[in-house]
Amino acid sequence: MKTAPEDWSQKSRVLAQQLSRAALGDRQAFKQLYDATSAHLFGVVLRIQRDRAIAEDLLQEVYVSAWKAAGSFDAQQSQPLTWLTHIARNKAIDSLRRAQSQPRLESVHADDDDDDRPDLDQRLADDSPGPAELLQRAADARELAHCMQGLSAQQRQSVALAFFDGLSHAEVAEQLREPLGTVKSWVRRALMTLKSCLERAAQRDAVAGT
Numbered sequence: 001m002k003t004a005p006e007d008w009s010q011k012s013r014v015l016a017q018q019l020s021r022a023a024l025g026d027r028q029a030f031k032q033l034y035d036a037t038s039a040h041l042f043g044v045v046l047r048i049q050r051d052r053a054i055a056e057d058l059l060q061e062v063y064v065s066a067w068k069a070a071g072s073f074d075a076q077q078s079q080p081l082t083w084l085t086h087i088a089r090n091k092a093i094d095s096l097r098r099a100q101s102q103p104r105l106e107s108v109h110a111d112d113d114d115d116d117r118p119d120l121d122q123r124l125a126d127d128s129p130g131p132a133e134l135l136q137r138a139a140d141a142r143e144l145a146h147c148m149q150g151l152s153a154q155q156r157q158s159v160a161l162a163f164f165d166g167l168s169h170a171e172v173a174e175q176l177r178e179p180l181g182t183v184k185s186w187v188r189r190a191l192m193t194l195k196s197c198l199e200r201a202a203q204r205d206a207v208a209g210t
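For the sequence shown, the UniProt record's numbering assigns the number 1 to the initial residue and increments by one for each residue that follows.
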């Protein structure tokens with residue numbers, strides 16, 4: 001769901017102003033943009049490209065691309081952090097493709113109640129494989145796509161923003177203009193549904209391989 005600039009948070013408005021000034025060659029504004037967003041974008045890259053040294057190099061590539069493309073940022077199409085996150089995610093995925101690998105949808109965050117960022121590898125109450133492990137076992141992307149279709153539209157959008165775009169629960173709530181508790185519920189139920197679906201797929205694969 002897109003939001004008009006007048007509905008953005010103060011942070012998003014400041015980032016948009018910094019991008020606009022960077023597009024005009026303002027290096028100080030770009031440095032401020034870097035300082036405000038680099039930790040978040042590094043987390044996005046590191047979720048996908050697990051080699052920290054490579055992730056650090058990729059982060060610099062993200063900002064080189066952002067500097068060059070700042071003039072193409074369209075506030076009517078996306079918020080600035082979402083725009084930057086797409087660049088970061090694409091850089092990280094491209095690096096894995098060059099290495100003939102696949103992105104790992106794995107959170108780098110610990111299970112901390114004070115951190116509202118979703119933790120994909122949080123296990124449920126039993127000892128069975130958690131969502132992250134099951135996602136990693138789903139080598140066939142079509143199976144994951146099939147399981148995603150079992151989610152509601154809101155759940156799919158929440159999961160996509162949280163794990164593919166690397167947004168926190170609070171940022172997802174801001175993007176969707178929904179209460180934080182609602183978004184957390186959507187993500188939690190979506191992961192449970194995906195877990196069950198991928199477990200069934202893994203069982204089918206095991207039977208087929210015997």
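For each residue, glycine too, the CB sits at the ideal point set by N, CA and C.
Neighbourhood of residue i by C-beta distance below 7 Å, restricted to the same chain and skipping five residues each side
i	result
Leu-33	Leu-15, Gln-18, Leu-19 and Ala-22
Gln-49	Ala-55, Leu-58, Ala-92, Ser-95 and Leu-96
Gln-154	Trp-186
Leu-161	Leu-167, Val-172 and Gln-175
Nearest neighbour of residue i, chosen from the options [CA to CA]
i	options	result
Thr-193	Ala-92, Leu-151, Leu-96 and Gln-79	Leu-151
Gln-10	Ala-92, Ser-196 and Pro-80	Pro-80
Leu-41	Gln-76, Arg-98, Gln-60 and Gln-149	Gln-60
Leu-191	Arg-156, Glu-178, Arg-98 and Leu-167	Arg-156
Phe-163	Ala-75, His-86 and Pro-179	His-86
Lys-68	Ala-75, Val-207 and Gly-25	Gly-25
Arg-27	Ala-88, Pro-179, Ala-66 and Arg-13	Ala-66
Lys-31	Val-64, Trp-8 and Val-187	Val-64
Ala-36	Arg-52, Ala-53, Ser-12 and Asp-51	Ser-12
Same chain, Cβ closer than 6 Å to residue i, five either side skipped, listed in chain order
i	result
Val-73	Note that residue 73 is Phe in the sequence shown here, rather than Val. Excluding residues within five positions, the ones whose Cβ falls inside 6 Å are Leu-19 and Trp-83.
Arg-204	none
Ala-201	Glu-143
Glu-178	none
Cys-197	Cys-147 and Gly-150
Cβ neighbours of residue i in the same chain (closer than 8 Å, five flanking residues each side left out)
i	result
Val-183	Ser-158, His-169, Val-172, Ala-173 and Leu-176
Gly-71	Ala-23
Met-148	Arg-156, Val-159 and Leu-194
Helix, strand or coil at residue i according to DSSP, with G and I counted as helix
i	result
Leu-19	helix
Trp-8	coil
Pro-118	Only weak support is given to the placement of Pro-118: the predicted model assigns it a pLDDT of 46, under 50, and the value that follows is read from those uncertain coordinates. Coil at Pro-118, not helix or strand.
Phe-163	helix
Ala-75	coil
Ser-168	coil
Gln-149	coil
Asp-57	helix
Glu-178	coil
Span of the alpha helix (DSSP H), counted from its first residue to its last, around residue i
i	result
Pro-80	80-98
Gly-43	27-48
Heavy atom of the ligand ZN within 7 Å of residue i beta-carbon
i	result
Ala-190	With respect to small molecules bound, the structure shown includes none, and the ligand ZN cannot be examined in it.
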